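Here is the structure we will look at, set down as structure tokens.
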């Protein structure tokens, strides 16, 4: 199989175990607010931050599958293809700002199957 590059596994300066622990502590502290009633026919858009586990799974999925968002989303397990693509483009912007363009996968050519 392919070896996963260290950059794909990096989670910043904080140890992954520490991130997971603080993530679970934050989830326990969050209180549930009463949602406001919506107009008929309108859905409430739920904006939920990506967990550190989802971020790592995204990076691994991106490395394995490139820009095939359906497959990357399946690897993450808890996000849709649209959510994954939206997150990816923000992630690519961050990589460009940090001068790490070499970690951005190439565009899919028009002839290839798209997910």
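Numbering (our numbering), first residue to last: 15 to 129.
Beta carbons: idealized from backbone N, C-alpha and C, even for Gly.
Keep in mind it's a predicted model, so treat the numbers as computed, not measured.
Buried or exposed by the 16-neighbour rule on C-beta atoms within 10 Å, applied to residue i
{"i": "residue 93", "result": "buried"}
{"i": "residue 110", "result": "exposed"}
Distance between residue j and residue i (C-alpha atoms, nearest Å)
{"i": "residue 171", "j": "residue 85", "result": "Since the first residue shown for the chain is 15 and the last is 129, residue 171 is missing from the structure and cannot be characterised."}
{"i": "residue 103", "j": "residue 115", "result": "12 Å"}
{"i": "residue 121", "j": "residue 70", "result": "21 Å"}
{"i": "residue 146", "j": "residue 74", "result": "The requested residue 146 is not part of the displayed model; the chain covers only 15 to 129."}
{"i": "residue 65", "j": "residue 82", "result": "21 Å"}
{"i": "residue 80", "j": "residue 63", "result": "22 Å"}
{"i": "residue 100", "j": "residue 106", "result": "10 Å"}
{"i": "residue 15", "j": "residue 67", "result": "Reliability fails at residue 15, whose pLDDT of 49 lies under 50, so the model's placement of it is uncertain and no value is given."}
{"i": "residue 87", "j": "residue 78", "result": "12 Å"}
{"i": "residue 91", "j": "residue 76", "result": "13 Å"}
{"i": "residue 119", "j": "residue 72", "result": "13 Å"}
{"i": "residue 117", "j": "residue 108", "result": "11 Å"}
{"i": "residue 98", "j": "residue 89", "result": "10 Å"}
Runs of alpha helix (DSSP H) wholly within the segment 87-112 (minimum 4 residues, chain order): 95-111
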